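Listed in order, the protein sequences are those of chains A and B.
Just so we're aligned, residue 874 is where the first sequence starts under this note's numbering, counting upward by one.
Just so we're aligned, residue 874 is where the second sequence starts under this note's numbering, counting upward by one.
Ideal Cβ placement from N, Cα and C applies to all residues, glycine included.
Being a predicted model, the structure only gives us computed values, none of them experimental.
Protein chains: 2
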Amino acid sequence: MPKDMDPSLRDSKVRHKRATIIDVAERAGVSRQTVSRVVAGGELVAKDTLERVTTAIEELGYRPNHLARTLVQRRSCILGVSALDLDSPLASPFIERLQALSRPLGYHIIVSNFDLEDEGGAGTLHTFVSLSVDGIALFPAVMEADVIERFARSYDGRIVAVGRVDQIEGVHSLSLDEVAAAQLVVDHLISRGRRRIAVLTNAWYPGVVHPRMAALQATLDRSGSPAVQFVAGYEPDIEGGMAAMTELISQHSSGDIDAVVAYNDTMAFGALHACRTHGLSVPHDVAVVGYDGTPFGAVSDPPLTTVPQDAGRYAEVVFKLLIDDQEANAAAEEPTLIAPRLVVRGSS
Amino acid sequence: MPKDMDPSLRDSKVRHKRATIIDVAERAGVSRQTVSRVVAGGELVAKDTLERVTTAIEELGYRPNHLARTLVQRRSCILGVSALDLDSPLASPFIERLQALSRPLGYHIIVSNFDLEDEGGAGTLHTFVSLSVDGIALFPAVMEADVIERFARSYDGRIVAVGRVDQIEGVHSLSLDEVAAAQLVVDHLISRGRRRIAVLTNAWYPGVVHPRMAALQATLDRSGSPAVQFVAGYEPDIEGGMAAMTELISQHSSGDIDAVVAYNDTMAFGALHACRTHGLSVPHDVAVVGYDGTPFGAVSDPPLTTVPQDAGRYAEVVFKLLIDDQEANAAAEEPTLIAPRLVVRGSS
DNA sequence: CTGTTAGCGCCTTCAC
DNA sequence: GTGAAGGCGCTAACAG
């Protein structure tokens, strides 16, 4: 790109207005349309014309204005991801994989933090509408079902709600099979002789019971060893896990609890630490199980038994539903459930 | 986009086309301009007109088309963040904080994964240009300086390069003060009687020496206890840390090394695990120090000594440079250095 | 193969 | 206070 075309400007402040399609057209001595065709792939353009235009594009450093194109084409090739917590060990792999899949097709990803305060979560969605995104992934979808459904009715694109097992009209749900996962966890603990099992749950969202907790509760009840206690209301982070475990320990005497299932690995790490500081030996006194398959669980002391989640897999399904599969909406009546695994390590 | 437009469509496929400013104008019986004024804040509009328009907006669920506005106003109110690794413990806090600061001013954040393959990293940047972002944060900026500089010349917005201590024309650099940090780390280890210090470094990028490594090398040399070894070329993740530590152990006999500085906490966790599996006691046999202040370091066994980084602070500086401070460019000649801290925990 | 015409939805400018 | 024209950069549709 040429730096100056007008000698009267100061060096460091010289900023060229972005070259437009017209600049290229003039330089190449063709019409805008021809330039447009070249940019679109160069089909149906005479070879020497194509070359002249290509040269002009390079000389001017021309890059098409994506916005102007979106305005007329009615598709932005942008997908919106509403993330509740980028810090979650699932968020980054999910976004990275979705990006890796989408980019070759010319799609970009916009990530926006979910904000429950903002119109009950709908604010985030309307932001995406303003930006004309072609599809939306809720990762996870924590707002109330009717908020999502109402939005879906007015939105002219696909929506995938990750982490939900319920069915919302106009939206595809995608989730770990929480019922099967709970069964794996409970079976494992019981097979290890654990009978006095507690659950550390996170603070969830108004009007929404986390399917994981519902599944654990039902499975434990059915197993004949109903949960000793659900410790709820803590943040799903290390401190939350420590606090929840500490509360649990303070409310029970030694031996009352012989296993703990945490909402996720991060809470489990906090729980492990609380056990350590309170002189409880894991897994001797109490077994600990988490969810997610955070890499750290492989090297914690003891290594953490966990239900791993394959965020990349989620991304693949979302990708398919959002842009790849034109028949997706028709087939999207049933929530997609991902089969769980259990990775047994030293903590249980 | 609706596939069909005939009335013969199935229920669930009926999607309202987004209401435009014209729809609102017609419904309210005013001109587009008046609607535009109302949306802009409602100044200079008669009270009853304003009310009629507001009602129409609500009834139609009208949301301005951000793209069309951007096209004419020449600012998108979108900031681009080029992230190398969303999984990094710094990335999420950075993005979340930047988002929290920007949203009240009407700014959105687009996150895009950096891809070195793509025009030497410039591809990511040009993506941002296509999307007409108003400013760009490179987090961190790993491409070669001249790639950045060349791009900056053609880009008509601010750029902040995080994690760089060098000065690039047209770009503001922002980084941890690596020299001071290295001094803290080395002083600490030496004060603990450590003399045989090794460094585990990550795989860095072509043509770029990581300032952290340069600073550690210089500081160790100056201290009279030059680094025993730099173990380089591993990924900055847990496995990389394990592998690097394992390589180190295999190349030295017991006692040859009494301290290890890892490129970041994540590698340090891997190193801790490698020590455990090889029967090395931390900190008795070998001290371990990381960088970043990952939350997990507080509950690892042993807890990890680290140089914490305040990603939120970085976000604040970036925010100021990108949109808040109109004088920023003038004052941006010197890289901004963030003073380091050292959190001493059980691993050293 | 290439050019012309007519917008996409919005805002700026300038009338009234 | 409000409206009418014009254009942001691009592409669809139709000419030639």
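Beta carbon proximity, B/Arg936 to chain A, threshold 8 Å: Locating residue 936 of chain B in the second sequence gives position 63, where the first residue counts as 1. Between B/Arg936 and chain A, the shortest Cβ-Cβ separation is below 8 Å.
Starting from the C-beta of B/Arg1218, find all residues in its chain whose C-beta is less than 8 Å away, skip the five residues before and the five after it, and write them out in chain order. Numbered from 1 along the second sequence, position 345 holds the residue referred to as residue 1218 of chain B. Here B/Arg1218 has Gly1170, Ala1171, Pro1175, Pro1176, Leu1177, Thr1178 and Thr1179 as same chain residues with Cβ atoms under 8 Å from its own Cβ, once five neighbours each way along the sequence are excluded.
Report buried or exposed for A/Asp1007, applying the criterion of at least 16 other Cβ atoms within 10 angstroms of its Cβ. On the first sequence, residue 1007 of chain A is found 134 positions in, with the first residue counted as 1. Classification of A/Asp1007: buried, given that the 10 Å Cβ count is 16 or more.
Sheet register partners of B/Gly953 (DSSP bridge): The count along the second sequence starts at 1 and reaches residue 953 of chain B at position 80. B/Gly953 pairs with B/Ile983 and B/Ile1009.
Per DSSP, the bridge partner or partners of A/Tyr1164: Here residue 1164 of chain A is taken as the residue at index 291 of the first sequence, counted from 1. Answer by DSSP bridge pairing, in chain order: A/Val1180.
Between the segment 962-987 of chain B and chain A, which residues of the former have CB atoms less than 9 Å from a CB of the latter, in chain order? Taking 9 Å as the upper bound on Cβ-Cβ separation, chain A lies near residues Pro962, Ala964, Ser965, Pro966, Ile968, Glu969, Gln972, Ala973, Arg976, His981, Ile982, Ile983, Val984, Ser985 and Asn986 of the segment 962-987 of chain B.
Contact with chain B by A/Arg940, beta-carbon distance below 8 Å: Against the first sequence, residue 940 of chain A aligns to sequence position 67. Rather than Arg, the amino acid found at residue 940 of chain A in this sequence is Leu. At least one chain B Cβ lies under 8 Å of A/Leu940.
Of all the options B/Leu1049, B/His1125 and B/Asp1131, which has the alpha carbon lying nearest to the alpha carbon of B/Arg1065? Start at 1 with the first residue of the second sequence, and residue 1065 of chain B comes out as number 192. The shortest C-alpha separation from B/Arg1065 is found at B/Asp1131.
Helix, strand or coil: how does DSSP classify B/Ser1046 here? To locate residue 1046 of chain B, count along the second sequence from 1; it is residue 173. B/Ser1046 sits in a strand when the DSSP states are folded into three classes.
C-beta neighbour in chain B for A/Phe1169, strict 8 Å: Taking the first residue of the first sequence as 1, we reach residue 1169 of chain A at position 296. With 8 Å as the cut-off, A/Phe1169 counts as an interface residue toward chain B.
Which residues does DSSP list as the beta-bridge partners of A/Thr1209? The residue you call residue 1209 of chain A lines up with position 336 of the first sequence. Partner(s): A/Leu1047.
Could you list which residues in chain B have their beta carbon closer than 7 Å to that of A/Phe1142, in chain order? On the first sequence, position 269 is the one that residue 1142 of chain A refers to. Phe1169 and Val1172, listed in chain order.
Check whether chain A comes within 8 Å of B/His1146, counting only Cβ atoms and requiring the distance to be less than that. Sequence index remark: in the second sequence, residue 1146 of chain B carries index 273 (1-based). Under the Cβ distance rule, B/His1146 counts among the residues neighbouring chain A, one pair being separated by less than 8 Å.
Going by C-alpha to C-alpha distance, which of A/Cys950, A/Ile1009 and A/Leu1073 sits closest to A/Ile1122? If you number the first sequence from 1, residue 1122 of chain A lands on position 249. Nearest of A/Cys950, A/Ile1009 and A/Leu1073 to A/Ile1122, Cα basis: A/Leu1073.
Within a Cβ cutoff of 6 Å, which residues of the same chain sit near A/Arg948, ignoring the five residues on either side of it in sequence? To locate residue 948 of chain A, count along the first sequence from 1; it is residue 75. Counting only Cβ-Cβ distances below 6 Å, and skipping sequence neighbours, we find Asp1007.
DSSP state of A/Gln1040, grouped into three classes? Numbered from its first residue, the first sequence carries residue 1040 of chain A at position 167. Residue state for A/Gln1040 is assigned as coil, using DSSP reduced to three classes.
Nearest CA to the CA of B/Ile983: which residue from A/Ile968, A/Gly934 and A/Leu974? For the purposes of this step, residue 983 of chain B is taken as residue 110 along the second sequence, with counting starting at 1. Looking at the Cα atoms, A/Ile968 is the closest of the given residues.
Backbone secondary structure at B/Ala995 - three-state DSSP: For the purposes of this step, residue 995 of chain B is taken as residue 122 along the second sequence, with counting starting at 1. Of the three classes helix, strand and coil, the one that applies to B/Ala995 here is helix, per DSSP.
Could you tell me the distance, in whole angstroms, from the CA atom of A/Asp921 to the CA atom of A/Val911? Locating residue 921 of chain A in the first sequence gives position 48, where the first residue counts as 1. Locating residue 911 of chain A in the first sequence gives position 38, where the first residue counts as 1. The straight-line gap from Cα to Cα measures roughly 12 Å.
Please determine if the segment 1046-1053 of chain B and the segment 1081-1089 of chain B are in contact, where contact requires at least 3 C-beta pairs separated by less than 8 Å. Short answer: they touch.
Note down, in chain order, all residues in the segment 1017-1049 of chain B with a beta-carbon under 9 Å from any beta-carbon belonging to chain A. Going along the segment 1017-1049 of chain B in chain order, one finds Arg1023, Arg1026, Ser1027, Tyr1028, Asp1029, Gly1030, Glu1042 and Gly1043 with a Cβ nearer than 9 Å to chain A.
Can you tell which of B/Arg942, B/Ala919 and B/Phe1024 has the C-alpha that lies nearest to the C-alpha of B/Thr893? Translated into the one-based positions of the second sequence, residue 893 of chain B becomes position 20. Nearest C-alpha to B/Thr893 among B/Arg942, B/Ala919 and B/Phe1024: B/Arg942.
With distances taken Cα to Cα, identify the nearest neighbour of A/Arg1214 among A/Val1162, A/Ser1005, A/Gly1128 and A/Pro966. Taking the first sequence and counting its residues from 1, the one referred to as residue 1214 of chain A is at position 341. Nearest option by C-alpha distance: A/Val1162.
Indicate whether B/Thr1031 and B/Leu1210 have their beta-carbon atoms separated by less than 8 Å. As a position in the second sequence, residue 1031 of chain B is number 158, starting the count at 1. As a position in the second sequence, residue 1210 of chain B is number 337, starting the count at 1. The sequence given here has Arg at residue 1031 of chain B, not Thr. No. Outside cutoff.
Closest to A/Val1133 by CA distance: which of A/Ala1071, A/Phe1142, A/Glu1120 and A/Tyr1078 is it? Position 260 of the first sequence, counting from 1, holds the residue named residue 1133 of chain A. Nearest of A/Ala1071, A/Phe1142, A/Glu1120 and A/Tyr1078 to A/Val1133, Cα basis: A/Ala1071.
CB-CB length for B/Val954 against B/Phe1012, believed under 8 Å: The residue given as residue 954 of chain B occupies position 81 in the second sequence. The residue given as residue 1012 of chain B occupies position 139 in the second sequence. Sure, about 6 Å apart at Cβ, within 8 Å.
Rounding to the nearest angstrom, what Cα-Cα distance links B/Asp988 and B/Phe1001 in this structure? The residue you call residue 988 of chain B lines up with position 115 of the second sequence. The residue you call residue 1001 of chain B lines up with position 128 of the second sequence. If you take the alpha carbons of B/Asp988 and B/Phe1001, they lie about 13 Å apart.
At a Cβ threshold of 8 Å, is A/Ile1111 touching chain B? One-based indexing of the first sequence puts residue 1111 of chain A at position 238. Yes, A/Ile1111 lies at the interface with chain B (some Cβ there is under 8 Å from its Cβ).
What is the DSSP secondary structure of B/Leu963, counted as helix, strand or coil? Looking up residue 963 of chain B in the second sequence gives position 90. Reduced to three states, the DSSP call for B/Leu963 is coil.
Compute every distance between the C-beta of A/Gln1182 and the non-hydrogen atoms of the ligand MG, then say whether any falls below 7 Å. With respect to the ligand MG, the structure offers nothing, as it holds no ligand at all.
With three or more beta-carbon pairs closer than 8 Å as the criterion, would you say the segment 960-977 of chain A touches the segment 1180-1192 of chain A? Yes, they touch.
Leaving aside the five residues before and after A/Arg1067 along the sequence, list all residues of the same chain whose C-beta is less than 6 Å from its C-beta, in chain order. Start at 1 with the first residue of the first sequence, and residue 1067 of chain A comes out as number 194. The residues are Asp1131, Ala1132 and Ala1160.
Name, going along the chain, the residues of the segment 994-1006 of chain A whose beta-carbon falls closer than 9 Å to a beta-carbon of chain B. Here the close residues are His999, Thr1000, Val1002, Ser1003, Leu1004 and Ser1005.
Consult DSSP for A/Arg1031 and reduce its assignment to one of helix, strand or coil. On the first sequence, position 158 is the one that residue 1031 of chain A refers to. Three-state DSSP puts A/Arg1031 in a strand.
Residues of chain A with CB closer than 8 Å to the CB of B/Thr943, please, in chain order. The residue given as residue 943 of chain B occupies position 70 in the second sequence. Going along chain A in sequence order, the residues near B/Thr943 (Cβ under 8 Å) are Leu940.
Burial state of A/Pro1156 (16 or more Cβ within 10 Å): On the first sequence, residue 1156 of chain A is found 283 positions in, with the first residue counted as 1. Flag for A/Pro1156 reads buried.
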